[in-house]
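Reading through the C-alpha cells given below for one structure.
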Amino acid sequence: MPLRVSSATSLHCGPRACPPDDPARRLAIAGASVTWAAVNDASRPYGLRLPPDPSSGASATSGGMVATNAAGPRSVRYGSVRRWIEALEIVGADGEARTVRRREGRGKRFSLTADGRRLIADHFPKTRKNSSGYALDRFAESGDELDLIVGSEGTLGIVTAVEWRLDAIPPGLAGAALGFTDLAALAEAVPFLVSLNPSAVELLDRTLLRLIPDAPDVACLLLVEFERETAAAARGVVGDAVRGLKHQVAHVETAVDRAGLEQLWEVRRLASPALARLPLSQRSLQVVEDGCVPLEMDRLGAYVAGLRRAAERHGVPVAIFGHAGDGHVHVNALPNTTGPRWRQALEGLFADVTDLLAQLGGVPAGEHGAGRLRAGVLERFYGPQVMGLFRDLKRSYDPLSILNPGVIIPATDWAPLAALKVGEDAAAIPDDIAARLRDMERNAGWATPKPELAR
Ligand SMILES: Cc1cc2nc3c(=O)[nH]c(=O)nc-3n(C[C@H](O)[C@H](O)[C@H](O)COP(=O)(O)OP(=O)(O)OC[C@H]3O[C@@H](n4cnc5c(N)ncnc54)[C@H](O)[C@@H]3O)c2cc1C
Numbered sequence: 003m004p005l006r007v008s009s010a011t012s013l014h015c016g017p018r019a020c021p022p023d024d025p026a027r028r029l030a031i032a033g034a035s036v037t038w039a040a041v042n043d044a045s046r047p048y049g050l051r052l053p054p055d056p057s058s059g060a061s062a063t064s065g066g067m068v069a070t071n072a073a074g075p076r077s078v079r080y081g082s083v084r085r086w087i088e089a090l091e092i093v094g095a096d097g098e099a100r101t102v103r104r105r106e107g108r109g110k111r112f113s114l115t116a117d118g119r120r121l122i123a124d125h126f127p128k129t130r131k132n133s134s135g136y137a138l139d140r141f142a143e144s145g146d147e148l149d150l151i152v153g154s155e156g157t158l159g160i161v162t163a164v165e166w167r168l169d170a171i172p173p174g175l176a177g178a179a180l181g182f183t184d185l186a187a188l189a190e191a192v193p194f195l196v197s198l199n200p201s202a203v204e205l206l207d208r209t210l211l212r213l214i215p216d217a218p219d220v221a222c223l224l225l226v227e228f229e230r231e232t233a234a235a236a237r238g239v240v241g242d243a244v245r246g247l248k249h250q251v252a253h254v255e256t257a258v259d260r261a262g263l264e265q266l267w268e269v270r271r272l273a274s275p276a277l278a279r280l281p282l283s284q285r286s287l288q289v290v291e292d293g294c295v296p297l298e299m300d301r302l303g304a305y306v307a308g309l310r311r312a313a314e315r316h317g318v319p320v321a322i323f324g325h326a327g328d329g330h331v332h333v334n335a336l337p338n339t340t341g342p343r344w345r346q347a348l349e350g351l352f353a354d355v356t357d358l359l360a361q362l363g364g365v366p367a368g369e370h371g372a373g374r375l376r377a378g379v380l381e382r383f384y385g386p387q388v389m390g391l392f393r394d395l396k397r398s399y400d401p402l403s404i405l406n407p408g409v410i411i412p413a414t415d416w417a418p419l420a421a422l423k424v425g426e427d428a429a430a431i432p433d434d435i436a437a438r439l440r441d442m443e444r445n446a447g448w449a450t451p452k453p454e455l456a457r
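In the numbering used here, the protein residues as written are 3 to 457.
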C-alpha cells in the first residue's frame with residue numbers, strides 16, 4: 003500500500019477508495035514497507051512529521067518500526083513510535099487480516115487478572131525506554147490490544163499497514179555541543195539538560211570520538227537540541243543550558259539554526275560509519291548494543307563506568323554513544339576477530355553487561371528489540387512469573403509458534419551468540435555476496451534492498 007497523508011478512517015481502503023487527503027487530522031496511512039524517510043517526505047509539505055527519528059530512518063520500514071517499537075534521538079521528548087500509532091492492520095497466525103485501533107479495547111485473545119497486573123507493577127523495570135519483551139505494562143495501563151502488538155517483533159502477527167499520527171514541525175530550533183573532561187559530569191549534566199525539555203541529548207564517549215577526525219579531545223560530548231515555538235525561545239534555552247553547566251564544560255559550541263545544528267551533529271552522523279569501517283582486528287559487533295537504565299541516582303554514569311570496566315576485563319574495547327537523555331546508550335563491541343578466543347571474550351562481555359543492567363534496574367534493549375540474541379536473558383529482568391505471562395500471550399496469538407519462533411520466547415537450546423554472522427563458526431555465504439554486504443555496512447547503505455546483493 004502506498005503512503006497517504008489522509009483523513010481515512012479505515013486501513014482497508016485502496017488509494018482510490020480513500021477519502022480526500024485531510025492533513026488537518028494529521029494522519030498518514032502507510033503500507034508496511036514504507037520507510038520512515040518516505041513518511042516524512044510525504045508529510046513535510048503539510049508542515050508535519052513523524053516525531054520519533056530512528057537513525058536508520060532511510061531504511062527502517064513502517065512494519066519494522068512498529069515491530070521493534072523504534073525510537074531515536076528525539077524520543078527523549080516525543081517517546082517511541084508507540085505514542086504515534088493510531089491503528090494497525092495485521093495478519094494473524096490464523097491468516098486472518100484485521101484492524102487494531104487505539105482506544106478500541108483489549109481484543110478477544112488475551113487479558114490480565116488482578117494477580118497478573120500486580121506482577122507487572124512489581125517486576126517491570128522503570129526505564130524511560132523499553133523494547134525487551136512484550137509491553138504488558140503499557141497494555142495494563144491502556145487496556146488496548148494495540149499495545150500488545152507494538153514492539154512484539156512479528157511474534158504475534160505481521161503488520162501490513164500503519165496509521166501514523168503526525169505532529170507539526172516546530173519552527174524554532176537550536177542546540178549545543180558540550181564537552182566534558184570527566185564522565186562523572188554526566189551525573190549532573192544529563193538530568194539538568196533533560197529538565198530543560200530538550201528534543202535530543204546524545205552522548206559520544208572518548209572511545210568513539212577518537213575514531214572521528216577533528217572531534218573534540220574530551221572524555222565525552224553531549225549534543226543537545228531544543229525545539230520551540232520561536233527561534234528566540236530556542237536560542238534562549240540554549241543560553242540557559244550553557245550557563246547552567248559553565249563550571250563543568252571544557253568545550254562549548256552552539257548552533258542557532260537548522261544549518262548550524264546539522265553541522266554540529268555531523269560528529270554523531272559519522273559515528274556508525276566510522277565504526278563500520280574499522281578493520282577485522284577491531285570488528286564492530288552489536289551484541290550488547292542497546293541497554294537502557296533509569297536516569298535516577300546516576301545509574302547512567304554507573305552503567306558507562308561499569309561497561310568500560312567489563313570491556314577492560316575481557317580485553318574487548320567498546321565504543322559508547324547514543325541517547326543519554328533516556329539513559330539509553332549504544333555500545334559497539336570491537337573484538338579482534340583475527341586473534342584467538344575472541345568469541346569467549348565476547349560471551350564474557352555479554353554475560354557481564356547483562357548482570358550490570360539487571361543490577362541497575364535496566365533492560366537489555368531500549369529500541370532494537372530482544373530478538374533471539376536477548377530472548378534467553380529476559381527472565382533475568384522480569385522474573386519467571388512475568389515470563390510465564392509472556393508465554394501465555396504468545397500461545398494465545400500463535401499457538402503453533404509459527405511467527406518468528408525463538409524471538410522474545412527463547413528456544414530450548416538458546417545460546418546468546420549462536421547466530422553470530424562473523425568468525426569461523428558463521429554460516430558460509432558466497433564470496434561476492436559477503437563482499438557486497440561488507441561494502442553496504444562500511445558505506446551505511448542499509449537501505450539497499452537485500453535481493454540486490456545477489457546481482
Ligand atoms: C545503523 C543503524 C542505526 C539504527 N538506529 C536506530 C535508532 O536510532 N532507533 C531505533 O529504534 N532503531 C535503530 N536501529 C534498528 C532498526 O533499524 C530499527 O529498529 C528499525 O525500526 C527496524 O525496522 P526494519 O524495517 O529495518 O526492520 P527489520 O530489521 O527488518 O526487522 C526488525 C524486526 O521487526 C520484524 N518485522 C519487520 N517487519 C515487520 C512487519 N511488517 N510485521 C511484523 N514484524 C515485522 C522482523 O521480523 C524483526 O523481528 C538502527 C539500525 C542500524 C543498522
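All C-beta atoms, glycine included, are put in the ideal place defined by N, C-alpha and C. Note that the coordinates shown come from a computational prediction; the quantities given were computed from them, not determined experimentally.
### Query
Which one of ALA26, GLY66, SER61, LEU29 has the shortest CA to CA distance from GLU369?
GLY66
### Query
Under three-state DSSP, which class holds ASP400?
coil
#### Entry: At least three beta-carbon pairs within less than 8 Å, the segment 330-344 to the segment 277-293
yes
### Task
Answer yes or no: the CB of HIS125 versus the heavy atoms of ligand 2, is any distance below 7 Å?
Annotation note on ligand 2: not contained in the displayed structure, which lists ligand 1 as its ligands.
### Task
Look at the Cβ atom of PRO215, then the Cβ atom of GLY181, and state whether they are nearer than 8 Å.
no
### Query
When DSSP builds the beta bridges, which residues end up paired with ARG230?
GLY174
### Task
Could you please give the first and the last residue of the uninterrupted alpha helix (DSSP H) stretch that includes VAL251?
From DSSP, VAL251 is part of no alpha helix (DSSP H); its letter is neither H nor E.
### Query
Contact check, PRO176 vs VAL240 under 8 Å by CB: the rounded distance?
It is Ala, not Pro, that sits at residue 176 in the sequence shown. Confirmed, Cβ separation roughly 5 Å.
### Query
Does the separation of the CB atoms of LEU362 and ARG301 fall below 8 Å?
yes
### Task
Label HIS253 either buried or exposed according to how many other C-beta atoms from any shown protein chain fall within 10 Å of its C-beta, with 16 as the threshold for buried.
exposed
### Query
Closest by CA to ASP158, which one among VAL93, ARG167, GLU190, ALA142?
Before going further, note that residue 158 is Leu rather than Asp in the sequence given. With distances taken between Cα atoms, LEU158 lies closest to VAL93.
### Query
Helix, strand or coil: how does DSSP classify ALA421 here?
coil
### Task
Report buried or exposed for HIS325, applying the criterion of at least 16 other Cβ atoms within 10 angstroms of its Cβ.
buried
### Query
What residue does the alpha helix (DSSP H) around VAL196 start on, and which one ends it?
188-197
### Task
Rank ASP427, ARG311, ASP433, ARG393 by C-alpha distance to the C-alpha of ASP354 and give the top, closest one.
ARG311
### Query
Where does the unbroken beta strand (DSSP E) through GLU268 begin, and where does it stop?
Element bounds for GLU268: not the beta strand (DSSP E) but the alpha helix (DSSP H), 268-271.
#### Entry: Closer than 7 Å: ALA189 CB and nearest ligand 1 heavy atom
no
### Query
How many Å lie between PRO412 and GLY378 at the Cα?
5 Å
### Message
Using a 10 Å radius around the Cβ and a threshold of 16 neighbouring Cβ atoms, would you call SER134 buried or exposed?
### Response
buried
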